[in-house]
Amino acid sequence: MKSIFKFLPVLGLLSGTSLAQTSGYKDYPIAAVDINKVELTDNFWLPKIKTVQNTTIQFGFKKCEEEGRLENFLIAGGKMEGKTRGKMPFDDTDVYKLIEGASNSLISAPNKKLDAYLDSVIAIIKVGQQPDGYLTTWHSIDPNHPPATWVKPGPRWKSEAMSHELYNAGHLYEAAATHYIATGKRNFLEIALRNADLLVKTFGPEPGKLQLPPGHQIVETGLIKLYRITGKEDYLKLAKFFLDQRGVKSNGRELYGPYSQDHLPVSQQTEAVGHAVRAVYMYAGMTDVAAIYGDKAYLNAVKTIWDNMVGKKMYVTGGLGALYEGESFGKNYELPNKTAYSETCAAIGDVYFNHRLFLLTGDSKYYDVIERTLYNGLIAGISLSGDKFFYPNPLESDGKYAFNFGSCTRQTWFDCSCCPTNLVRFVPAMPSLIYATQNNNLFINLFAANKAQVKVNNTNVTVAQQTDYPWQGKVTVAVDPEKATNFNLKIRIPGWARNEVAPGNLYAYADKVQGEVTVKVNGQKVNITPNQGYAVINRQWQKGDKVEVGLPMNIRQVITSTQVKENQNQVALEYGPLVYCAEAVDNNGSLAKIRMPASAPLKVEKRPELLQGVSVISGQLAGQKFVAIPYYAWSNRGVNEMKVWLPKASPDNKN
């Protein structure tokens, strides 16, 4: 196939001037410290971000070109002839997510070549946009022959339950907003705004407009991002309208049902149901609306749903979505291991949802879920090499059941490639999760070596972390204000360090934590009583101040509620924020005989040569060598038997 970029000379690459940029999230009482304010030096996260920057972004765009994702825009715009390439009605979004991830990368790692490449891709996207702003390539190419059999042919929006037309728009808006913030260019933003203006003309409560919600949510958060940039209230109102339409039979519309969270009005929903990715994207949008409008019904609903999700439907890895059928949540306490779906996209969406809840409430329990998901169920979705992926993330594999769409290990790509491109979208933005500010409060939410520039109590403050987290629990924080200033430094004490696996009663530690959390300021121990999970230090901060945090890191055994039948008489191993698993390759080729005694003689051992450098849990069990590795690193050595949940030894079998 000849490169589609031969068409660029006739497209007229234009970037234009930028609009006035907003700081974003002014509607939330707490503000995240943006990527461009955080210089990461961390030995855990920085290599992973660099792998995405140096390998995965290029790999993803190459795949999109090979498989016709970009060609579809040219066919839709009449610059090429042909039929729709690809098998999914949302293939356009792979391109959008890659642009978003690349834009996040440009913020922390400017790259003129990548910046120019994005302009080329955006010029191709522009070709596919119809004169009135419509942009879904398969429909523009041939509305009577959708790429998937489960999409009904016909006019725009007729099959919105499954056509993904509004889902495509949502990812377009998310990506265009990020690209604008990263580059100041409006070439992609203008495409998004034309499309959003079309939606405003087409959907709404007014007579003659369509009154139906999107099938797959995300347009809501995308519209709100465009509202924040432009100040155009129509986008905000439309986002809320889409949410308000769910579960409402307006104009005789047939509801999409629980699969699409369209069975009840959103403010009346109390349980996480249906397609897990659709769900967490919707909950994120509801939280935005709750923050902006001060809508207590929305806030009460998302908090109730969160309690159900975390307390009854979340895997110990932070994964969501138990069932292959419908990529969905199961019943309460339905958490199979070998057939767990736990889609990578659901983990990513869950971080977005929990981050918003934190920004609205300041409660660290949401970050306990974020941290568990980040270090386990989310980064497990990408190989250490950055070019192989999991779509589902099971907690057990027998090496025979092809759980990953025909494979027992990671694959290079999928017909439905939402997870690889979503990882590209997410990983480079990770530094924006570390800090947050609110008036005279500075939150340290995640531990990673970095140097950041923040503003607290109207004063510029340099804050720097030194740590080998998650392998060790010592964190040193240097606080350097430009002038002596009083503010609260709020350091999150992770739930695992407070003897809590996760909020709720789904999981518990079988053993007691050894040691205590310690906090010192300039060498002097400070007595702390965590408030909403934070150690709060109020003082007049001066140049050279130093805080030392010690988190007691032990090997812990996790047990599950008796309501989860599959995990009874089994334990999972944790060390700090990391969930561990056993692979057969490290355990004499089989896991069949492993039994875990209550007081197993295990130790943590650093293996710099293994899996790009990990700490393993090792020891002797019943006279045999035992090794467990961090869950995120499993299946990087080919097809392998794996278990997170290990059978308990009988009481008379001590070792």
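Numbering (mature numbering (1 follows the signal peptide of the UniProt record, and there is no 0)), first residue to last: -20 to -1, 1 to 635.
Heads up, the beta-carbon is just placed ideally off N, CA and C, and yes, glycines get one too.
In this text, all values refer to a predicted model and were calculated from it rather than measured experimentally.
- Contact between the region 429 to 442 and the region 477 to 490 is absent: fewer than three C-beta pairs spanning the two stretches fall below 8 Å.
- Residue environment analysis places N402 among the buried positions, since at least 16 neighbouring C-beta atoms fall within 10 angstroms of its C-beta.
- For the set E305, K583, Y295, the Cα lying nearest the Cα of V544 is the one of Y295.
- The alpha-carbon of E170 is positioned some 54 Å away from that of T542.
- Across the structure, V228 and T319 are spaced so that their CA atoms are roughly 34 Å apart.
- Note that the region 545 to 563 touches the region 592 to 608; at least 3 beta-carbon pairs, one per stretch, sit closer than 8 Å.
- With contact defined as three or more Cβ pairs closer than 8 Å, the region 113 to 120 and the region 156 to 168 are not in contact.
- In this chain, the beta strand (DSSP E) harbouring F467 covers 465 to 472.
- In the three-state scheme derived from DSSP, where H, G and I count as helix and E and B as strand, W118 is classed as helix.
- An exposed status is given to Y381, since fewer than 16 other beta-carbon atoms sit within 10 Å of its beta-carbon.
- F222 sits buried, since 16 or more C-beta atoms from the chains shown fall within 10 Å of its C-beta.
- Between R472 and Y332, the CB-CB gap reaches or exceeds 8 Å.
- The DSSP-derived three-state label of Q494 is coil.
- By the criterion of a C-beta distance shorter than 7 Å, G599 is surrounded in its chain by A580, P581, L582, K583, F606, once the five residues flanking it on both sides are discounted.
- Rounded to whole angstroms, the separation of the alpha carbons of N485 and I359 is 25 Å.
- Its Cα nearest to that of N419, the residue N466 stands out among R174, Q445, V407, N466.
- Take F423, set aside five residues on each side of it, and the residues of its chain with a beta-carbon closer than 6 Å to its own are A416, K470, in chain order.
- Collapsing the DSSP output to three states places H255 in a strand.
- Rounded to the nearest angstrom, the gap between the Cα atoms of Q522 and K454 is 22 Å.
- With respect to the 8 Å criterion, G379 and V619 are classified as neighbours on the basis of their beta carbons.
- Non-local beta-carbon contacts of D112 in its own chain, meaning distances under 6 Å to residues more than five positions away in sequence, involve L178 in chain order.
- Bridge partners of V538 according to DSSP: Y489, A552.
- Distance between V624 and G265, taken at the CA atoms: about 33 Å.
- In terms of Cβ geometry, N317 and K293 do not form a close pair [threshold 8 Å].
- Pairing L413 with H335 gives a Cβ-Cβ distance under 8 Å.
- In the displayed model, S365 falls within coil according to three-state DSSP, outside both helix and strand.
- Within 10 angstroms of the beta-carbon of T129 lie fewer than 16 other beta-carbons, which makes it exposed.
- Looking at I79, E45, S83, M60, the one whose alpha-carbon comes closest to that of G66 is E45.
- The beta carbons of P557 and P474 sit about 6 Å from each other, so the pair counts as a contact at 8 Å.
- By the beta-carbon neighbour count (other beta carbons within 10 angstroms, threshold 16), D22 is buried.
- Taken through DSSP and simplified to helix, strand or coil, T442 comes out as strand.
- For F39, the CB contacts under 6 Å within the same chain, skipping 5 residues up- and downstream, are D367 in chain order.
- In its own chain, leaving out the 5 sequence neighbours on each side, no residue places its CB closer than 6 Å to the CB of V101.
- In this structure, the beta-carbon distance from L152 to Y76 falls below 8 Å.
- DSSP places M266 in the helix class (H, G or I) of the three-state scheme.
- When DSSP assignments are scanned along the region 4 to 49, the uninterrupted stretches of alpha helix (DSSP H) that are 4 or more residues long and fall wholly within it turn out to be 25 to 31, 37 to 46.
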